[in-house]
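Student:
Number of protein chains: 2
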Amino acid sequence: MLKKQLIMEKALELFAKQGFEATSVQQITDYCGISKGAFYLSFKSKDELILALIDYFLSEFISNTDYSVRNTDDDEVLYQFYYNTFDSFQKHSNFAKVLMKEQSHSLNKELFLKMRYYDSLLENIILSMIDRLYGCEIEDTRYDLMFCIKGFMNTFSQFFLFSHLPYDLTRLSQSLVEKTNLLAKQTTIPFISKDMITIVKQSVDETTKENVMELLEQKVEELDNALVKESLILLKQQLNEPVFPQAIVAGLLKNIQEHPHCKWVAYLLRQRLG
Amino acid sequence: MLKKQLIMEKALELFAKQGFEATSVQQITDYCGISKGAFYLSFKSKDELILALIDYFLSEFISNTDYSVRNTDDDEVLYQFYYNTFDSFQKHSNFAKVLMKEQSHSLNKELFLKMRYYDSLLENIILSMIDRLYGCEIEDTRYDLMFCIKGFMNTFSQFFLFSHLPYDLTRLSQSLVEKTNLLAKQTTIPFISKDMITIVKQSVDETTKENVMELLEQKVEELDNALVKESLILLKQQLNEPVFPQAIVAGLLKNIQEHPHCKWVAYLLRQRLG
DNA sequence: TATACTAATGACCAGCCAGTCATTTGTCAA
DNA sequence: TTGACAAATGACTGGCTGGTCATTAGTATA
Chain R
0 MLKKQLIMEK ALELFAKQGF EATSVQQITD YCGISKGAFY LSFKSKDELI
50 LALIDYFLSE FISNTDYSVR NTDDDEVLYQ FYYNTFDSFQ KHSNFAKVLM
100 KEQSHSLNKE LFLKMRYYDS LLENIILSMI DRLYGCEIED TRYDLMFCIK
150 GFMNTFSQFF LFSHLPYDLT RLSQSLVEKT NLLAKQTTIP FISKDMITIV
200 KQSVDETTKE NVMELLEQKV EELDNALVKE SLILLKQQLN EPVFPQAIVA
250 GLLKNIQEHP HCKWVAYLLR QRLG
Chain Y
0 MLKKQLIMEK ALELFAKQGF EATSVQQITD YCGISKGAFY LSFKSKDELI
50 LALIDYFLSE FISNTDYSVR NTDDDEVLYQ FYYNTFDSFQ KHSNFAKVLM
100 KEQSHSLNKE LFLKMRYYDS LLENIILSMI DRLYGCEIED TRYDLMFCIK
150 GFMNTFSQFF LFSHLPYDLT RLSQSLVEKT NLLAKQTTIP FISKDMITIV
200 KQSVDETTKE NVMELLEQKV EELDNALVKE SLILLKQQLN EPVFPQAIVA
250 GLLKNIQEHP HCKWVAYLLR QRLG
């Protein structure tokens with residue numbers, strides 16, 4: 000399992016520098032100081048490697064963002080959202096670069112769907128934040144606002160990732176909060192309609208219940224902590240056949256939430272169990 | 000020369016679908032119905048092909064945009080800017096896709112520099128528009144605004160290029176004009192400073208006088224129209240050693256401006272001759 | 001030490017790549 | 001019809017690709 004991590008780290012460096020396609024398995028294994036055969040003991044294919052990287056980073060990013068948005072007061076939530084986003088991008092700048100480079104390369108169908116899937120999760124988080132902050136008064140322009148927020152994230156990340164400048168996260172976030180509030184409160188001409196979003200989204204798979212079950216079983220095997228383990232098993236029962244009241248489910252979710260390896264599964268369960 | 004155009008058109012289709020790296024020369028020539036050898040009679044290498052594509056489309060886009068911004072009244076210029084941008088992207092959607100896919104793939108140094116070069120020309124056009132519309136009162140936030148405008152262009156183009164939805168150009172442009180005005184007039188927290196821009200820009204080449212001279216000579220050879228030809232020769236003299244008054248230069252530029260194959264060289268000359 | 005097992009190796013495979021060049025084809029004028 | 005020239009061909013080269021697998025190295029138990 001350590002070998003797997005080594006490969007992921009080193010490969011990420013190379014992908015960030017050269018792009019996924021332009022990096023050969025040989026280069027990766029040379030850079031890791033292992034043989035080519037050893038690579039294929041950890042990953043079935045080169046494609047599986049990049050899918051693993053995407054899952055590893057984006058599942059963490061999405062679950063952290065969701066948690067933060069849920070647990071921050073209205074007057075701080077937008078600032079926190081921007082701050083955390085750029086903070087993550089800065090800390091995992093190699094991954095962010097890979098994400099930028101590969102975002103519209105749809106060669107690999109599975110990769111494309113995965114990206115769209117995470118993107119749609121992010122859109123939902125942003126929309127939930129918009130509704131909380133500005134309510135139904137901006138019903139007409141909420142999708143426009145969502146696009147602007149995504150646009151800000153993209154544009155400013157790109158600038159800093161490829162210019163290698165140091166920058167003041169706090170000020171950037173404050174500046175974007177101001178812009179977002181201006182647009183939210185004063186935009187009168189909507190452009191993106193609900194229908195457009197629906198049409199685009201209908202092509203994106205959702206995680207199935209079976210996917211979540213599988214992940215749950217895997218985590219139960221993997222982890223040692225007794226409290227977390229028992230919570231996982233109970234949540235698995237609940238997913239199969241709902242019997243516990245909301246309060247119990249919420250408590251179980253909090254139990255596993257704290258464990259660093261369970262944030263993603265907690266996020267997925269919250270989507271299904273309330 | 001016709002062969003060259005055929006290759007460019009067919010290759011663009013394939014690049015838009017599969018990406019540059021993932022498309023082989025063999026595929027391109029098969030798709031054109033020509034032999035592999037014939038490809039290398041038109042282009043020295045596969046790289047030269049994509050560089051030619053970039054130059055072909057971006058020089059047209061930049062010179063058109065610049066012309067439009069210069070010749071539109073203040074109350075319409077922003078709307079026209081957005082409208083023309085999205086109109087071009089829609090008309091040349093294959094090229095737009097290639098641009099998106101390859102924008103951050105810096106494998107080829109020359110390609111990277113070319114992209115940055117055209118990007119910096121676009122930034123200058125946007126900044127000149129900002130200064131004209133909002134004057135020095137937004138001196139502090141003009142770079143922020145420029146980034147937001149670029150962000151709008153990027154985000155909304157991406158959405159429509161990859162969702163394949165039909166959309167109302169007029170409404171989109173109106174909607175973005177409103178957003179831009181809101182941000183321009185009410186933003187108080189600047190983030191992008193002049194220094195940041197300077198640092199990033201210093202690494203981008205400019206076209207040299209020699210480049211322009213070369214292009215001029217090429218156009219003189221290439222074109223038949225007597226008026227345009229004479230204007231080009233006179234402008235060449237002026238570039239070498241300024242003797243004519245502004246009015247004459249302006250007139251000569253207008254002479255060549257109208258010819259469809261001279262828009263780019265006219266743009267470059269205007270940058271140097273006033 | 002002997003045995004049984006897994007972890008790791010790297011030579012090897014078939015296939016594709018960009019690019020070349022000896023050869024053929026097409027097109028003129030004489 | 002001939003000859004001279006340019007346009008076009010596609011088999012070929014050397015090199016790199018993702019992926020395989022018989023072999024070897026390392027390790028733990030008996």
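Those protein sequences? They're chains R and Y, same order as listed.
Numbering that gives the first Met the number 0 applies: residue 0 is where the first sequence begins, and numbers increase by one.
Numbering that gives the first Met the number 0 applies: residue 0 is where the second sequence begins, and numbers increase by one.
The C-beta atom is built at its ideal place from N, Cα and C for all residues, glycine as well.
#1: From this set, Y:Tyr78, Y:Cys147, Y:Ile247, Y:Ile125, which residue's C-alpha is nearest Ser230 (chain Y)'s C-alpha?
#2: Can you check which of these residues, Y:Thr140, Y:Ser119, Y:Leu120, is closest to Ile129 (chain Y) by C-alpha distance?
#3: Nearest chain Y C-beta to Cys31 (chain R) closer than 8 Å, yes or no?
#4: In this structure, how does DSSP classify Asp72 (chain Y) when only helix, strand and coil are distinguished?
#5: How big is the Cα-Cα spacing for His91 (chain Y) and Gly273 (chain R)?
#6: List the endpoints of the continuous alpha helix (DSSP H) containing Cys135 (chain R).
#7: Leaving aside the five residues before and after Leu214 (chain Y) along the sequence, list all residues of the same chain whose C-beta is less than 6 Å from its C-beta, in chain order.
#8: In its own chain, which residues sit with a C-beta less than 6 Å from the C-beta of Tyr133 (chain R), not counting the 5 before and 5 after it?
#9: Need the endpoints of the alpha helix (DSSP H) that Tyr30 (chain Y) sits in, please.
#10: First and last residue of the alpha helix (DSSP H) that includes Thr197 (chain Y)?
#11: Taking Gln17 (chain Y) as the query, report the chain R residues whose CB atoms sit under 8 Å from its CB, ordered along the chain.
#12: Considering only the alpha carbon of each residue, which of R:Gly18, R:Ile191, R:Leu252 lies closest to Asp167 (chain Y)?
#13: Compare the C-beta of Arg131 (chain Y) with all C-beta atoms of chain R and state if any pair is closer than 8 Å.
#14: For Glu177 (chain R), return the contacting residues in chain Y, with the cut-off set at a CB-CB distance below 8 Å.
#15: Does Ser10 (chain Y) pass the burial test, meaning 16 or more other C-beta atoms within 10 Å, or should it be called exposed?
#16: Beta-carbon separation of Leu40 (chain Y) and Phe94 (chain Y) under 8 Å?
#17: Does Asn153 (chain R) come within less than 8 Å of chain Y when only Cβ atoms are used?
#18: State the start and end residues of the unbroken alpha helix (DSSP H) segment that holds Lys35 (chain R).
#19: Closer than 8 Å, CB to CB, is Asp54 (chain R) near chain Y or not?
#20: What in chain R is Cβ-close to Val199 (chain Y), meaning under 7 Å?
#21: Between the C-alpha atoms of Thr179 (chain R) and Leu171 (chain Y), what's the straight-line distance to the nearest angstrom?
#22: So for Thr189 (chain R), helix, strand or coil by DSSP?
#23: What are the boundary residues of the alpha helix (DSSP H) that includes Gln102 (chain Y)?
#24: Just checking: is the beta-carbon of Leu182 (chain Y) within a distance shorter than 8 Å of some beta-carbon in chain R?
#25: Whole angstroms is fine: what's the gap from Glu138 (chain R)'s alpha carbon to Asn123 (chain R)'s?
#26: For Met99 (chain R) and chain Y, any beta-carbon pair shorter than 8 Å?
#27: If you run the structure through DSSP and keep just helix, strand and coil, what is Ala21 (chain R)?
#28: In the region 118-146 of chain R, which residues sit with their C-beta less than 8 Å from some C-beta in chain Y, listed in chain order?
#29: Checking 8 Å against the spacing of the C-beta atoms, do Tyr66 (chain Y) and Val176 (chain Y) come in under that value?
#30: Starting from Asp223 (chain Y), follow the alpha helix (DSSP H) in both directions and report where the run begins and ends.
#31: Do you know offhand how far Lys218 (chain Y)'s Cα is from Thr187 (chain Y)'s?
#32: Say whether chain Y places a C-beta atom closer than 8 Å to the C-beta of Glu257 (chain R).
#33: Would you call Ala15 (chain R) buried or exposed, if buried means 16 or more other Cβ atoms sit within 10 Å of its Cβ?
#34: To the nearest angstrom, how far is it from the Cα of Ala249 (chain Y) to the Cα of Asp29 (chain Y)?
Tutor: On the basis of the supplied data:
#1: As a first step, residue 230 (chain Y) must be located in the second sequence, where it is residue number 231. Ser230 (chain Y) has its Cα closest to that of Y:Ile247, out of Y:Tyr78, Y:Cys147, Y:Ile247, Y:Ile125.
#2: Working through the second sequence from its first residue, we reach residue 129 (chain Y) at position 130. Comparing alpha carbon positions, the residue from Y:Thr140, Y:Ser119, Y:Leu120 closest to Ile129 (chain Y) is Y:Thr140.
#3: To locate residue 31 (chain R), count along the first sequence from 1; it is residue 32. By this cut-off, Cys31 (chain R) is not an interface position.
#4: Within the second sequence, numbered from 1, the residue matching residue 72 (chain Y) stands at position 73. Three-state DSSP puts Asp72 (chain Y) in coil, outside helix and strand.
#5: If you number the second sequence from 1, residue 91 (chain Y) lands on position 92. If you number the first sequence from 1, residue 273 (chain R) lands on position 274. Roughly 46 Å between the two C-alpha positions.
#6: Translated into positions along the first sequence, residue 135 (chain R) becomes position 136. Following the DSSP letters along the chain, one finds Cys135 (chain R) in no alpha helix (DSSP H), marked with neither H nor E.
#7: In the second sequence, the residue the question calls residue 214 (chain Y) occupies position 215. Around Leu214 (chain Y): Val264.
#8: In the first sequence, residue 133 (chain R) corresponds to position 134, counting from 1. These residues qualify, in order along the chain: Ala183.
#9: For the purposes of this step, residue 30 (chain Y) is taken as the residue at position 31 of the second sequence. Counting along the chain, Tyr30 (chain Y) sits inside the alpha helix (DSSP H) bounded by residues 24-31.
#10: One-based indexing of the second sequence puts residue 197 (chain Y) at position 198. First-last of the alpha helix (DSSP H) with Thr197 (chain Y): 193-200.
#11: Here residue 17 (chain Y) refers to the residue found at position 18 when the second sequence is read from its first residue. Near Gln17 (chain Y) (Cβ distances below 8 Å), the residues of chain R are Leu106.
#12: For the purposes of this step, residue 167 (chain Y) is taken as residue 168 along the second sequence, with counting starting at 1. Selected option, being the one with the closest Cα: R:Ile191.
#13: Here residue 131 (chain Y) corresponds to residue number 132 of the second sequence, with the count starting at 1. So no, Arg131 (chain Y) is outside the interface.
#14: Indexing the first sequence from 1 puts residue 177 (chain R) at position 178. In chain order: Thr186, Thr187, Ile188.
#15: The residue given as residue 10 (chain Y) occupies position 11 in the second sequence. Note that residue 10 (chain Y) is Ala in the sequence shown here, rather than Ser. When all chains shown are included, Ala10 (chain Y) counts as buried.
#16: In the second sequence, residue 40 (chain Y) corresponds to position 41, counting from 1. In the second sequence, residue 94 (chain Y) corresponds to position 95, counting from 1. Taking a C-beta distance under 8 Å as the contact criterion, Leu40 (chain Y) and Phe94 (chain Y) do not qualify as a contact pair.
#17: The count along the first sequence starts at 1 and reaches residue 153 (chain R) at position 154. Yes, Asn153 (chain R) counts as interfacial toward chain Y.
#18: Walking along the first sequence from the start, residue 35 (chain R) turns up at place 36. From DSSP, the alpha helix (DSSP H) with Lys35 (chain R) extends over 35-41.
#19: By one-based count along the first sequence, residue 54 (chain R) stands at place 55. Output row for Asp54 (chain R): interface = no.
#20: Taking the first residue of the second sequence as position 1, residue 199 (chain Y) is located at position 200. Listed along chain R are Ser162, each with a C-beta nearer than 7 Å to that of Val199 (chain Y).
#21: Your numbering for residue 179 (chain R) matches position 180 in the first sequence. Your numbering for residue 171 (chain Y) matches position 172 in the second sequence. The straight-line gap separating the alpha-carbon atoms of Thr179 (chain R) and Leu171 (chain Y) is approximately 19 Å.
#22: For this step, residue 189 (chain R) is matched to residue 190 along the first sequence. Contrary to the premise, residue 189 (chain R) reads as Pro rather than Thr in this sequence. Note: Pro189 (chain R) maps to coil in three-state DSSP.
#23: Start at 1 with the first residue of the second sequence, and residue 102 (chain Y) comes out as number 103. Here Gln102 (chain Y) belongs to no alpha helix (DSSP H), and DSSP marks it neither H nor E.
#24: Within the second sequence, residue 182 (chain Y) is the residue found at index 183, counting from 1. Yes, because at least one Cβ of chain R sits closer than 8 Å to the Cβ of Leu182 (chain Y).
#25: One-based indexing of the first sequence puts residue 138 (chain R) at position 139. One-based indexing of the first sequence puts residue 123 (chain R) at position 124. One C-alpha to the other measures close to 15 Å.
#26: Residue numbering aside, residue 99 (chain R) sits at position 100 when the first sequence is read from its first letter. Interface residue, yes.
#27: The residue labelled residue 21 (chain R) in the question sits at position 22 within the first sequence. In the three-state DSSP reduction, Ala21 (chain R) falls in the coil class, being neither helix nor strand.
#28: Against chain Y - using a Cβ distance shorter than 8 Å - the residues of the region 118-146 of chain R are Asp143, Phe146.
#29: The residue labelled residue 66 (chain Y) in the question sits at position 67 within the second sequence. The residue labelled residue 176 (chain Y) in the question sits at position 177 within the second sequence. Not a contact, by the Cβ cut-off of 8 Å.
#30: The sequence position of residue 223 (chain Y) within the second sequence is 224, counting from 1. In this chain, Asp223 (chain Y) is not harboured by any alpha helix (DSSP H), its DSSP state being neither H nor E.
#31: Counting from one through the second sequence, the residue named residue 218 (chain Y) turns up at place 219. Counting from one through the second sequence, the residue named residue 187 (chain Y) turns up at place 188. Between the alpha carbons of Lys218 (chain Y) and Thr187 (chain Y) lies a gap of roughly 48 Å.
#32: Residue numbering aside, residue 257 (chain R) sits at position 258 when the first sequence is read from its first letter. No, Glu257 (chain R) does not count as interfacial toward chain Y.
#33: On the first sequence, position 16 is the one that residue 15 (chain R) refers to. It counts as buried.
#34: As a working note, residue 249 (chain Y) is residue 250 in the second sequence. As a working note, residue 29 (chain Y) is residue 30 in the second sequence. Between Ala249 (chain Y) and Asp29 (chain Y), the C-alpha separation is close to 47 Å.
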